[in-house]
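2 protein chains.
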Amino acid sequence: MAALLDPRTGLPVVGMVGGGQLSRMTHQAAIALGQSLRVLATDPAESAALVAADVRLGDHRSLADLEQLADGATVVTFDHEHVPTEHLHALEAAGHLVRPGPDALVHAQDKLVLRRALDAAGEPQPAWAQADSADDVAAFAAEHGWPVVLKTPRGGYDGKGVFVVSDAEESGRLLDRHGTLLVEARVVMVRELSAQVARSPFGQVAVWPVVETVQRDGVCAEVLAPAPGLSDELATAAQELAVRIADRLGVVGMLAVELFETADGVLVNELAMRPHNSGHWTIEGARTSQFEQHLRAVLDYPLGDTRMTAPVAVMANILGGAAADEDWTGPVLDERIHHFMAHWPDVKLHWYGKGQRSGRKLGHVTALGGDLTTVRARAAAAARYLADGVMEAPLRS
Amino acid sequence: MAALLDPRTGLPVVGMVGGGQLSRMTHQAAIALGQSLRVLATDPAESAALVAADVRLGDHRSLADLEQLADGATVVTFDHEHVPTEHLHALEAAGHLVRPGPDALVHAQDKLVLRRALDAAGEPQPAWAQADSADDVAAFAAEHGWPVVLKTPRGGYDGKGVFVVSDAEESGRLLDRHGTLLVEARVVMVRELSAQVARSPFGQVAVWPVVETVQRDGVCAEVLAPAPGLSDELATAAQELAVRIADRLGVVGMLAVELFETADGVLVNELAMRPHNSGHWTIEGARTSQFEQHLRAVLDYPLGDTRMTAPVAVMANILGGAAADEDWTGPVLDERIHHFMAHWPDVKLHWYGKGQRSGRKLGHVTALGGDLTTVRARAAAAARYLADGVMEAPLRS
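Residue numbers (the working numbering), protein chains in the order written: chain W, 1 to 397; chain U, 1001 to 1397.
#1: Hey, out of W:Arg287, W:Thr282, W:Ala238, W:Ser278, whose CA is closest to Val268 of chain W's CA?
#2: May I have the straight-line CA-CA distance separating Ala1310 of chain U from Ala1225 of chain U, to the nearest angstrom?
#3: Give the DSSP-derived three-state secondary structure of Ser1278 of chain U in the structure shown.
#4: List the residues of chain U that Leu33 of chain W touches, going by C-beta distances under 9 Å, in chain order.
#5: Check for me: the alpha helix (DSSP H) holding Ser23 of chain W runs from which residue to which?
#6: To test your reading of the DSSP string, which unbroken beta strand (DSSP E) runs of 3 or more residues are found completely within the region 1013-1101 of chain U?
#7: With a cut-off of 8 Å on the beta carbons, I'd call Arg1199 of chain U and Val1251 of chain U a contact; round off their distance for me.
#8: Using the three-state DSSP reduction, which class does Ala1263 of chain U fall into: helix, strand or coil?
#9: With a threshold of 7 Å between beta carbons, is Pro1209 of chain U in contact with chain W?
#10: Considering just the uninterrupted stretch of the alpha helix (DSSP H) at Ser171 of chain W, what are its terminal residues?
#11: Compile a chain-ordered list of the residues in the region 50-76 of chain W whose CB is closer than 7 Å to at least one CB of chain U.
#12: Taking contact to mean at least 3 C-beta pairs separated by less than 8 Å, is the region 1212-1221 of chain U in contact with the region 1055-1071 of chain U?
#13: Three or more beta-carbon pairs under 8 Å between the region 1256-1263 of chain U and the region 1273-1286 of chain U, yes or no?
#14: Which of the three DSSP states, helix, strand or coil, is assigned to Asn163 of chain W?
#15: Return the chain-ordered list of same chain residues with a C-beta closer than 6 Å to the C-beta of Val55 of chain W, the five sequence neighbours on each side being excluded.
#16: Ignore the nearest five residues each way along the sequence and tell me which others in Ala121 of chain W's own chain have a CB closer than 6 Å to its CB.
#17: Comparing the CB of Val1039 of chain U with every heavy atom of the ligand FMN, is any distance shorter than 6 Å?
#18: Which residues of chain W have a Cβ atom closer than 8 Å to the Cβ of Leu1011 of chain U, listed in chain order?
#19: Taking all protein chains shown into account, do 16 or more other C-beta atoms lie within 10 angstroms of the C-beta of Pro100 of chain W, making it buried, or fewer, making it exposed?
#20: Please look up how many angstroms separate the CB atoms of Gly1020 of chain U and Glu1046 of chain U, rounded, as I've assumed it's under 8 Å.
#21: Consult DSSP for Ala106 of chain W and reduce its assignment to one of helix, strand or coil.
#22: Spatial neighbours of Ala206 of chain W within its chain, please: CB distance less than 6 Å, with the 5 preceding and 5 following residues excluded, ordered by chain position.
#23: In this structure, does DSSP put Thr398 of chain W in helix, strand or coil?
#24: How about Tyr301 of chain W: is its C-beta nearer than 7 Å to some C-beta of chain U?
#25: Between the C-alpha atoms of Ala129 of chain W and Phe140 of chain W, what's the straight-line distance to the nearest angstrom?
#26: Could you check whether the Cβ of Arg1396 of chain U sits closer than 7 Å to any Cβ belonging to chain W?
#27: Less than 8 Å between the CB atoms is what I'm expecting for Ala1168 of chain U and Ala1138 of chain U, so what's the real figure, rounded?
#28: Got a sec, what are the start and stop residues for the beta strand (DSSP E) Thr1366 of chain U sits in?
#29: Tell me, which residues are paired with Asp6 of chain W by DSSP?
#30: Under a Cβ-count criterion, where at least 16 other Cβ atoms within 10 Å of its own Cβ denotes burial, should Phe1202 of chain U be classed as buried or exposed?
#31: Express the C-alpha separation of Met1189 of chain U and Thr1262 of chain U in angstroms, rounding to a whole number.
#32: Out of W:Gly156, W:Ser23, W:Ser166, W:Asp136, which has the shortest C-alpha to C-alpha gap to Trp146 of chain W?
#33: Tell me the DSSP secondary structure of Arg1199 of chain U in three-state form.
#34: State the Cα-Cα distance for the pair Asp1334 of chain U and Leu114 of chain W, rounded to the nearest angstrom.
#35: Tell me where the beta strand (DSSP E) around Gln1130 of chain U begins and ends.
#36: To the nearest angstrom, report how far apart Ser397 of chain W and Arg116 of chain W are at their CA atoms.
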């Protein structure tokens, strides 16, 4: 079947479900490839809806709205995991290309499905069980010790839906509220890593260097590329693990494998099958960004070169801070951007255009260079200034 | 006066006159800064109109259409030089910010005005005169020799409006057709260079390395950054010349100074006060692209770091070739892009989404690396394949 192409340009139209910053940055990449991303957004003020030419307003839980996105699109893809699986099957049955497909995507949607699949594949992961009752949790803890980690199988992100629990009573309350949960042994970890890979329908894969993700309060704060001090052996093992998972699950598009590094190696935490916060550094830090690569992969284009453009790249998220408070009396956003640009002329800004709320991911900055300590300090200070309006004196020199 | 800001984001709205590829690429840069470019396009199928969220359809020669663009915009700027000067004054009189302003922009619009200003400033340029009659041309040629170069003062670009003339009779015919012309001595040149500088209203300037522009049939084919073999002395002289011109003319935004390199130094050919084809390489090849820098400059934001990201960057234009012919039977565009990506995974594509016509600038590619010969060969071969469908065998290895 010949691909559906935009008659105005002779080029594909990618429809992306979700109007957040991942769609926004994918639109930037689409523009370079001669395309214009079609976005399904729930609100005209969403991040991607503010900048894309072809915005369809609708709900990702409505099949009719998804069909509106898919009609005339070459392929449908996602900036989040929240589309019901049955809708994805319905789109495929109607002849639309859905990438990643529902049978792959479910492993990023449902943590219990993921745990079963990784066990079947013999891949390393934390000890786990399905918990339907407080007794199930107590039995698991008897073997693996308290505290345990309880997770909602679906719908969690950025630390939401994850609970560290020290007794059966508390787990019972969570089970009453959420229904069936995933229970995991608490991992004694060195740090968190992320291995990103893109895979095309043809089966071509491309990997980036493994990165360290620094979390604060369950939310990604910084990404260090490449992961400092990671042995070549462990880096290769993590990349091979990501490629094996992408192949086995039939992933098409970007796959981020979030990993716990332990004294014994790496364990799989969870998967994302889309551009991911751990890959934002690739916009400036790699020859091909994760956003361009996701488009290439879902369109079955050959994949781009993933080499780094500098020895070190550090991405720091701008999380809504003091400057997002209603009673903020310091410099407003536009003034903070002036000061940011004056102070860090080499640090690249990505502001998402969203309303400023405490804790919300409002943007990110990326710094490149040769020395990790300097690069990381500059990225972190720039992000902190934009979020909190605080200029850190020791970093001014 | 506080700047006008988009109430949805708290950030500026730049209105750009013109819907071509320069607006398209400026929109990509605007997205990173939290903005969304507002575009005045003449047709919804124009390059930028296909990808921007805020497109106003109208004519740049209509004051009413320009006012529609300016109303609610923080600043008005341009992707071409064709807006009538009196309209720019009218916009300023109505309280709109116009950058670059009409008194600067006229030097990029009218080559006679430019020649007078450069003489007044004592800057190096070819011998020239205003020609109202064939006798004026003959008198000029008597002093400087035939052939001479006749140029229409306004409206020329990409070699259009430029005539190499060998006798008075032919110059008479051109004067009859075009009215007053600029006559210039034909320069014996080594090559063409371009010096780009950005200047903010505050007066901050930022310069990129001087580049060599390789022209074919009067159209830019390749840009080599930095200009190979250029002495530090001449590179610095060209950069200082560009900064002096920007300051003297009060340019705000990007300024490209197109130069002839001769045995005795550099001569100014013409100016562009906008992002320019000679700076497309900065998207991947410099920390701050000319598109982001233009936005920073017209908004009076501090300017970004202009350091190169690799020792060598080469941009090659994709000019409509054999594959744009109506009787083309080779791979269609989408197939050519597949082959391009397979063959040159490290070369970055920018396709403008325009209709394919012979000779038209349809896109460009940029290659980075350490060795000019290799990088240039890869960029040129990739561009040629996309334009003509010809894969050059010697470059396949």
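Cβ atoms here follow ideal geometry from the backbone N, Cα and C, with glycine treated the same way. This structure is a prediction, so every number in the text was calculated from the model and none was measured.
This is what the structure holds:
#1: Taking the first residue of the first sequence as 1, we reach residue 268 of chain W at position 268. Minimum Cα distance to Val268 of chain W is reached at W:Ala238.
#2: What you label residue 1310 of chain U is simply residue 310 of the second sequence in a count that begins at 1. What you label residue 1225 of chain U is simply residue 225 of the second sequence in a count that begins at 1. Computed Cα separation, rounded: 10 Å.
#3: Taking the second sequence and counting its residues from 1, one reaches residue 1278 of chain U at position 278. If DSSP states are grouped into helix, strand and coil, Ser1278 of chain U belongs with the helices.
#4: Taking the first sequence and counting its residues from 1, one reaches residue 33 of chain W at position 33. Near Leu33 of chain W (Cβ distances below 9 Å), the residues of chain U are Ile1337, Leu1349, His1350, Trp1351.
#5: Reading the first sequence from its first residue, position 23 is the one you call residue 23 of chain W. Start and end: 21-32.
#6: 1014-1017, 1038-1041, 1054-1057, 1075-1078
#7: If you number the second sequence from 1, residue 1199 of chain U lands on position 199. If you number the second sequence from 1, residue 1251 of chain U lands on position 251. Confirmed, about 5 Å.
#8: Position 263 of the second sequence holds residue 1263 of chain U. It is coil, neither helix nor strand.
#9: As a first step, residue 1209 of chain U is located in the second sequence; it is residue number 209 there, counting from the start. Not closer than 7 Å to any Cβ of chain W, the Cβ of Pro1209 of chain U fails to qualify, so no.
#10: If you number the first sequence from 1, residue 171 of chain W lands on position 171. Its alpha helix (DSSP H) spans residues 168-178.
#11: Leu50, Val51, Ala52, Ala53
#12: no
#13: yes
#14: In the first sequence, counting from the first residue as 1, residue 163 of chain W sits at position 163. Per the sequence shown, residue 163 of chain W should be read as Phe rather than Asn. Reduced to three states, the DSSP call for Phe163 of chain W is strand.
#15: Your numbering for residue 55 of chain W matches position 55 in the first sequence. Excluding residues within five positions, the ones whose Cβ falls inside 6 Å are Val39, Ala41, Ala49.
#16: Taking the first sequence and counting its residues from 1, the one referred to as residue 121 of chain W is at position 121. Arg248.
#17: No copy of the ligand FMN appears in this structure; indeed no ligand is present at all.
#18: As a first step, residue 1011 of chain U must be located in the second sequence, where it is residue number 11. Under the 8 Å cutoff, chain W gives Leu333, Asp334, Ile337, Trp351, Gly353.
#19: On the first sequence, residue 100 of chain W is found 100 positions in, with the first residue counted as 1. Its Cβ being crowded by 16 or more others within 10 Å, Pro100 of chain W is buried.
#20: Stepping through the second sequence from its first residue, residue 1020 of chain U is reached at position 20. Stepping through the second sequence from its first residue, residue 1046 of chain U is reached at position 46. That belief holds up - the Cβ atoms of Gly1020 of chain U and Glu1046 of chain U are roughly 7 Å apart, short of 8 Å.
#21: Here residue 106 of chain W refers to the residue found at position 106 of the first sequence. Rather than Ala, the amino acid found at residue 106 of chain W in this sequence is Val. Helix.
#22: Looking up residue 206 of chain W in the first sequence gives position 206. Here the set comprises Ala198, Leu303, Thr306.
#23: Because chain W here runs from 1 to 397, residue 398 of chain W falls outside it and cannot be looked at.
#24: For the purposes of this step, residue 301 of chain W is taken as the residue at position 301 of the first sequence. It does: the Cβ of Tyr301 of chain W has a partner Cβ on chain U nearer than 7 Å.
#25: Counted from its first residue, the first sequence places residue 129 of chain W at position 129. Counted from its first residue, the first sequence places residue 140 of chain W at position 140. The alpha-carbon atoms of Ala129 of chain W and Phe140 of chain W are separated by roughly 7 Å.
#26: Against the second sequence, residue 1396 of chain U aligns to sequence position 396. Note that Arg1396 of chain U scores a pLDDT of 45, beneath 50, so its modelled location is shaky; the value from the coordinates is reported in the next line. No, because no Cβ of chain W sits closer than 7 Å to the Cβ of Arg1396 of chain U.
#27: Start at 1 with the first residue of the second sequence, and residue 1168 of chain U comes out as number 168. Start at 1 with the first residue of the second sequence, and residue 1138 of chain U comes out as number 138. That belief holds up - the Cβ atoms of Ala1168 of chain U and Ala1138 of chain U are roughly 4 Å apart, short of 8 Å.
#28: Stepping through the second sequence from its first residue, residue 1366 of chain U is reached at position 366. Taken as a continuous stretch (DSSP letters only), the beta strand (DSSP E) holding Thr1366 of chain U covers 1361-1369.
#29: For the purposes of this step, residue 6 of chain W is taken as residue 6 along the first sequence, with counting starting at 1. In the DSSP output, where bridge partners are listed per residue, Asp6 of chain W has W:Leu11.
#30: Mapped onto the second sequence, residue 1202 of chain U falls at position 202. The residue in question, Phe1202 of chain U, is exposed, as its Cβ has fewer than 16 Cβ neighbours within 10 Å.
#31: By 1-based counting over the second sequence, the position of residue 1262 of chain U is 262. By 1-based counting over the second sequence, the position of residue 1189 of chain U is 189. Straight-line Cα distance between these residues: approximately 5 Å.
#32: Position 146 of the first sequence holds residue 146 of chain W. It is W:Ser166.
#33: Stepping through the second sequence from its first residue, residue 1199 of chain U is reached at position 199. Three-state DSSP puts Arg1199 of chain U in a strand.
#34: What you label residue 1334 of chain U is simply residue 334 of the second sequence in a count that begins at 1. What you label residue 114 of chain W is simply residue 114 of the first sequence in a count that begins at 1. Their Cα atoms are separated by approximately 36 Å.
#35: Counting from one through the second sequence, the residue named residue 1130 of chain U turns up at place 130. Gln1130 of chain U -> beta strand (DSSP E) spans 1128-1131.
#36: Locating residue 397 of chain W in the first sequence gives position 397, counting from the first residue. Locating residue 116 of chain W in the first sequence gives position 116, counting from the first residue. Only weak support exists for where Ser397 of chain W lies, its pLDDT of 41 falling under 50; the value from the coordinates is given anyway. One C-alpha to the other measures close to 52 Å.
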